[in-house]
Each structure stands twice: as structure tokens, then as C-alpha cells.
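J.: The opening position of the sequence shown corresponds to residue 1 in the UniProt record's numbering, with each subsequent residue numbered one higher.
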Amino acid sequence: MAEADAAKAHAIMVQFLFQGHITPFSHLALALASKGCTVTYVQTEFQQYQMKSRAASAHHHQLSNEEAVDLFFPGARESGLDIRYTTISDGFP
1 MAEADAAKAH AIMVQFLFQG HITPFSHLAL ALASKGCTVT YVQTEFQQYQ
51 MKSRAASAHH HQLSNEEAVD LFFPGARESG LDIRYTTISD GFP
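1. Between residue 115 and residue 8, is the Cβ-Cβ spacing less than 8 Å?
2. Measuring alpha carbon to alpha carbon, tell me which of 91, 83, 87 and 89 ends up nearest residue 32.
3. Within 10 angstroms of the Cβ of residue 28, are there 16 or more other Cβ atoms? Answer buried if so, exposed if not.
4. Residue 41 bridges to which residues according to DSSP?
5. Would you check if the distance between the CB atom of residue 87 and the CB atom of residue 44 is smaller than 8 Å?
6. What does a CB cutoff of less than 6 Å around residue 110 pick up in its chain, not counting 5 residues either side in sequence?
7. So what does DSSP say about residue 52, is it helix, strand or coil?
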């Protein structure tokens with residue numbers, strides 16, 4: 001089992017907020033995960049704040065990282081896809 005995990009590809013995808021970029025990038029992440037790759041989807045802290053603020057106003061509560069994954073990749077975890085979500089510093093306080 002450890003050998004199978006060691007051979008598994010891992011894609012780290014850093015999202016940029018450009019017009020027309022987010023949806024195709026999310027589709028690429030799903031395509032890679034559906035082929036057996038582990039995907040780590042990365043956003044800056046500011047991007048996460050913007051996304052969670054918009055979603056929180058629609059859902060009426062603050063979202064966890066797990067809920068954030070479900071916004072971009074609904075049903076991915078239930079389908080067995082290995083998609084992870086994290087943030088990186090954008091350099092602003």
C-alpha cells in the first residue's frame with residue numbers, strides 16, 4: 001500500500017483570479033483527480049476571504065476549508081476524489 005501511495009502523482013494548483021480562468025482551472029483539477037492524482041488547490045488568503053465572504057452571505061455562516069472545497073468541487077469527496085484545499089500568504093497584513 002505504501003508503494004501505491006508513493007507512486008501516486010500529486011498536482012499543486014495555484015489559482016489566479018483572471019476573467020474566465022477559475023472554472024476551467026477547477027475542471028482541470030477534477031480531471032486530474034478523476035485519473036487518480038492527488039490535487040492540492042491553493043488560493044491566496046485574500047482570494048479565500050473573498051470567496052468565503054460571498055459564500056457566507058449566501059449560506060448565512062462562515063465556511064470551513066472543507067466547505068470551501070465543496071464550493072469548488074461539489075461531491076468530489078463523496079466520489080472518492082483526493083482534492084485538498086489550502087491557502088498561502090499574499091503578503092498583505
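Where a beta carbon is used, it is the ideal one built from N, C-alpha and C, also for glycine.
T.: Result, derived from the coordinates:
1. Residue numbering for the chain in the displayed model covers 1 to 93; residue 115 lies beyond these limits and cannot be assessed.
2. 83
3. Label assigned to residue 28: exposed.
4. 13 and 85
5. With a cutoff of 8 Å on beta-carbon distance, residue 87 and residue 44 are scored as near each other.
6. Shown here, the chain extends from 1 to 93; a query on residue 110 therefore has no answer.
7. helix
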